[in-house]
Amino acid sequence: MAGVAQRVLQILGLGATAYLALCALLWVYQRRLIFFPQAELTLTPADLGLAYEDVWIPVGEGRIHGWWLPSGQPQGLTLLYLHGNGGNVSTNLPKAATFQSQGFSVLLLDYRGYGRSSGPFPSEARLYADARAAWNYLTQTRSISPQAIVLFGHSIGAAVAIDLAVAKPDAAALIAEGAFTSIKTEAQSAGYGWVPLDLLLTQRFENVAKVPHLQMPVLYIHGIEDTTIPPASAEILYDLTSEPKHLWLLEGAGHNNFLEAAGADVYGQKTRHFLEEIADLPSLGSNHL
């Protein structure tokens with residue numbers, strides 16, 4: 021009997037050790053489970069025949085690279101484009117070009133660790149700092165009024181845009197595409213509820229706690245077929261957001277194919293309608309590419 025008890029204790033000890041080891045691995049490597057930076061640029065504005073300027077912005081231990089896509093309308097709106105956790109500026113260029121075709125000047129940037137941007141591996145705090153550096157570049161170096169800047173973010177970029185929007189309430193509007201409520205909620209949905217997430221998470225992206233503090237017009241865009249972030253996440257954020265606001269649930273869209281599902285013209289027109297009719301911003305005019 022004593023031998024059986026000893027064996028049970030050994031098994032429990034091994035199980036506890038394995039559990040603690042897995043928790044330690046999650047704590048140490050969680051950024052590698054969240055951020056998937058791509059270094060190679062597969063497309064440039066020149067490939068699309070677009071006028072552009074390479075932009076370099078110093079921040080922290082490195083500098084971030086971006087593309088400035090001018091609209092040709094000096095008094096028009098500027099869109100700060102914050103992409104998701106994978107890819108880089110090149111994989112987001114077609115959508116940025118769509119915004120430019122609708123009359124925006126666009127600053128499309130890579131966080132540190134992505135594309136040609138230098139610096140350490142990405143983290144939540146670094147993404148927030150990179151977005152603030154881009155904001156300062158627009159408002160200080162280019163002397164663009166905050167009231168003429170629209171913040172756009174996709175997925176984790178939406179979390180970065182939400183954080184920046186809370187910090188910069190004078191921005192013209194916010195467009196959050198494929199947004200989630202928090203990393204904790206998404207981790208629970210992904211099957212990590214068996215670990216003490218409150219203790220282990222170093223990357224939190226607490227959108228659900230921030231959106232009640234937004235003081236600008238907000239457009240949420242979400243794919244009905246999104247299996248990465250369920251549409252219910254956008255509905256929760258939308259319900260917590262003050263007016264004026266709009267929720268566009270896009271049929272046929274998953275998490276990364278909004279432009280393809282809607283078509284570039286419809287996507288551009290829908291976002292433009294929100295800004296002109298719901299956010300009551302000045303007419304954007306148009307650039308036909």
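Counting in this note's numbering, the sequence shown runs from 21 upward without gaps. Using N, Cα and C, we set each Cβ at its ideal position, and we do this for glycine too.
Status (buried if at least 16 other CB within 10 Å, exposed otherwise) for residue i
{"i": "Asp162", "result": "The amino acid occupying residue 162 in the given sequence is Arg; Asp does not appear at that position. Result: exposed."}
{"i": "Ser303", "result": "exposed"}
{"i": "Gly243", "result": "buried"}
{"i": "Ser262", "result": "exposed"}
{"i": "Tyr49", "result": "exposed"}
{"i": "Gly283", "result": "exposed"}
{"i": "Ala59", "result": "exposed"}
{"i": "Pro237", "result": "buried"}
First and last residue of the uninterrupted alpha helix (DSSP H) at residue i
{"i": "Phe172", "result": "No alpha helix (DSSP H) contains Phe172, which is instead part of the beta strand (DSSP E) from Ile169 to His174."}
{"i": "Thr291", "result": "Ala284 to His293"}
{"i": "Lys195", "result": "Reading off the sequence shown, one finds Ile at residue 195, where the question assumed Lys. No alpha helix (DSSP H) contains Ile195, which is instead part of the beta strand (DSSP E) from Ala193 to Glu197."}
{"i": "Trp76", "result": "It is not in any alpha helix (DSSP H) - Trp76 instead sits in the beta strand (DSSP E) that spans Glu73 to Val79."}
{"i": "Val228", "result": "Asn227 to Lys230"}
{"i": "Ser253", "result": "Pro251 to Leu260"}
Assumed close pair residue i, residue j - CB separation to whole angstroms, cut-off 8 Å
{"i": "Gly139", "j": "Glu81", "result": "5 Å"}
{"i": "Leu126", "j": "Leu99", "result": "Note that residue 126 corresponds to Val in the displayed sequence, not to Leu. Confirmed, about 5 Å."}
Option nearest residue i by Cα separation, candidates the options
{"i": "Val79", "options": "Asn156, Ala179, Ile298 and Leu53", "result": "Asn156"}
{"i": "Ala116", "options": "Ser91, Ala199, Ala281 and Leu301", "result": "Ser91"}
{"i": "Ile256", "options": "Phe278, Gln167, Gln93 and Ser202", "result": "Ser202"}
{"i": "His266", "options": "Leu63, Phe225 and His293", "result": "His293"}
{"i": "Asn227", "options": "Glu144, Asp285, Ser165 and Leu279", "result": "Glu144"}
{"i": "His233", "options": "Gly177, Leu184, Leu97 and His85", "result": "Leu184"}
{"i": "His103", "options": "Arg132, Gly173 and Thr247", "result": "Gly173"}
{"i": "Val180", "options": "Gly198, Thr159, Ala151 and Lys204", "result": "Ala151"}
{"i": "Asp246", "options": "Ala229, Val48, Leu269 and Pro237", "result": "Leu269"}
{"i": "Asp285", "options": "Pro114, Val170 and Ser253", "result": "Pro114"}
{"i": "Phe200", "options": "Ala192, Ala210 and Ala191", "result": "Ala210"}
{"i": "Asp130", "options": "Tyr148, Gly123 and Phe124", "result": "Tyr148"}
{"i": "Ala178", "options": "Ile241, Pro250 and Ala154", "result": "Ile241"}
Distance cut-off 7 Å: residue i Cβ against heavy atoms of the ligand GDP
{"i": "Ala299", "result": "The ligand GDP is not part of this structure, which contains no ligands at all."}
Residue i, enclosing beta strand (DSSP E) - first and last residue
{"i": "Ser121", "result": "Premise fails: Ser121 lies in the alpha helix (DSSP H), Val109 to Ser121, not in any beta strand (DSSP E)."}
inquiry  = Closer than 8 Å is the cut-off here; do at least three beta carbon pairs connect the region 213–225 with the region 261–280?
reply    = Result no; under three Cβ-Cβ pairs closer than 8 Å.
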